[in-house]
Structure formats: C-alpha cells, structure tokens
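Following the working numbering, the numbering of the sequence shown begins with 5 at its first residue and continues without gaps.
By construction, the Cβ of each residue, glycine as well, lies at the ideal position given by its N, Cα and C atoms.
One structure below.
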Amino acid sequence: MRSCDLPEEEIIKCFHCGNETPMPKVGEYSWGSRDEEFSDFDFFYKYELFACPVCHKVTLREIYSDETMIGYFDRYQVRCDETNRILFPLNTIDSASVPGAIKKSYDAALKIKCIDEYACLMSIRRTLELILKDNGATKWGLSDKIKEAAKKELLPDTLMEALEWIKQLGDTAAHDKKLEVDQYDVENMIEFVGFIIKYLYIMPDKMKEYKKHFKRKLDAMPKE
Ligand SMILES: [Zn+2]
C-alpha cells in the first residue's frame, strides 16, 4: 500500500470522534478484472485509507463497481455507478436478515459510540426493547420484557445475563442514575447486542442457507 504522493483530501464523517472534516488520504490500494490475466467479468475494487486530523484514527473506505452497474442514457452516453462503504470503523450491520427498525436503532448506537456514551447506551437499550418486542414480548417495561424472554428461553443463559447489564446501563443513561459509565461499558454493550442480533437473526438465516447448499451437495453425490 502506498502512503506517500497522496495529496487528496475529502470531507468524511469520522465515526471515531464524530467530526465531519476534510481528511487527508494516507493510503490507497486497488485491484480488478484489469489485473487478472483472464477475466470474463469486469469489476473494480478500490480501498482508501483516511486519517482524521482531530482524533488521529483511521477510516477505511471500499469503492466497488462492475459491469452490471453500467447504464446507458442513450446510444452514446454511459453512466457507471459504484458502491461506496466505510469498512472501518464498523458503523452498520451488513445483513438483510435484521429487521429494519432494529438495524436502524443499532446503527444509530454504532455511529455515536465514541461521541456520546449516554446517548449510545440509550440507543442500545432501545435496540434491545425492539428485539424483544419483535420476538414476542408483549409487556410494557423492559424489565418485564426481559422476564418474558427468560421464561420462554429466547436466549442462552450467557446472553440473558447481558440483558440485565444493558437495562441497568441504559436506565443510568436515561435517568441520570449514580452508576458511572465509561467507554469500556459502551464498547461491551455494543458487542453484546451485536451477539444477540447475530444469534436471533443472522445465524438462523446463515444456517438455513448452508442447509440448502449441503442438501444440494448430498443430492448430487453419486449413488452407491
Ligand atoms: Zn476523528
């Protein structure tokens, strides 16, 4: 990866410190079908590394395009679209298995985790309420929703314990209780809700997909 001769700057939001500021590009790497000896499909990847002048942490962005993303306005003009996403720091759950409202709430927590600890813990608490509601909880308060989840063994015991921590830290953030909150709490609660989302939504879909694949494999196996 190059780290010199890159004078470009771009206004990018830093998900570490929350500043939206011109960031210098400090590294770049690209590859695509043009680099392969034989390729019957045109594609292109570009990775760019930006350094935040405020917090000095880095942001890694991926740009991707391929031949299916080319559109024709008329006989002569060609438009080439591309996808553009921040790979690091993590600021979204990249999965279609997660319901929209839950993804939106969790993404909001991810985006502010280094900016406002209290707002982030409230977003995590809200994400948990949405998850429990989506999984059949009917009671009004979070405490009662957690009891309902425990009763029907929605999650393994190790994850159930995390629900209490999320509730207590979320209540502290919302009601200014005396419990002290720090970045370590925030990072862990983000991770634990991430585990719950993976367990309830992403894992079952992944397994269902693989099950189909494995069945096709078995069906294709020569009969003895
Ligand atoms: Zn920053």
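Which whole-angstrom value describes the C-beta separation of valine 30 and leucine 125, a residue pair presumed to lie in contact below a C-beta threshold of 8 Å? Between leucine 125 and valine 30 the Cβ distance is about 32 Å, and since that is not below 8 Å, they are no contact.
Measuring from the CB of lysine 171, is there a heavy atom of ligand 1 at a distance below 7 Å? Result no, Cβ not under 7 Å from ligand 1.
Paired residues, beta bridge with glutamate 13 - DSSP: Pro28
Does the distance from the CB of leucine 163 to the CB of phenylalanine 199 come in under 8 Å? For the pair leucine 163 and phenylalanine 199, the CB atoms are nearer than the 8 Å cut-off.
Along the chain, which unbroken stretches of the alpha helix (DSSP H) at least 4 residues long are found entirely within the stretch 159–221? 161–179, 187–201
Evaluate phenylalanine 218 with the Cβ neighbour count: other Cβ atoms within 10 Å of its Cβ, from every protein chain shown; 16 or more gives buried, anything less gives exposed. exposed
Assigned secondary structure, alanine 141 (DSSP; H/G/I helix, E/B strand, else coil): Under the three-state reduction of DSSP, alanine 141 is assigned to coil, being neither helix nor strand.
Where glycine 22 sits in the DSSP three-state scheme: coil
Cβ-heavy atom distance between valine 58 and ligand 1 below 7 Å? yes
Of the listed residues Ile16, Val62, Pro26, nearest to phenylalanine 92 (C-alpha basis): Val62
DSSP bridge partner residues for cysteine 65 (one or two, in chain order): The sequence given here places arginine at residue 65; cysteine does not occur at that position. Answer is Glu52, Ile90, bridged to arginine 65.
When the distance is taken between beta carbons, is isoleucine 97 closer than 8 Å to aspartate 111? yes
Keeping to the same chain, check which residues put their C-beta closer than 8 Å to that of proline 160; ignore five residues upstream and five downstream. Tyr203
For phenylalanine 47, which residues does DSSP report across the bridge? Asp70
Can you give me the Cβ contacts of histidine 20 inside the same chain, cut-off strictly under 7 Å, excluding the 5 residues immediately before and after it? Cys56, Cys59, Lys61, Pro93, Cys118
Residues sharing a beta bridge with serine 34, DSSP: For serine 34, DSSP records a beta bridge to Lys50.
Please confirm whether any heavy atom of ligand 1 lies closer than 7 Å to the CB of lysine 215. no
Is there contact here, the stretch 166–174 with the stretch 128–135, by at least three beta-carbon pairs under 8 Å? yes
With distance defined between alpha-carbon atoms, name the residue in Phe47, Ser127, Met207 nearest to methionine 193. Ser127
Per-residue DSSP class, three states only, for alanine 154: helix
Give the secondary structure of methionine 126 by DSSP, where H, G and I count as helix, E and B as strand, and everything else as coil. helix
Report yes if the CB atom of isoleucine 135 is closer than 8 Å to the CB atom of isoleucine 116, and no otherwise. no
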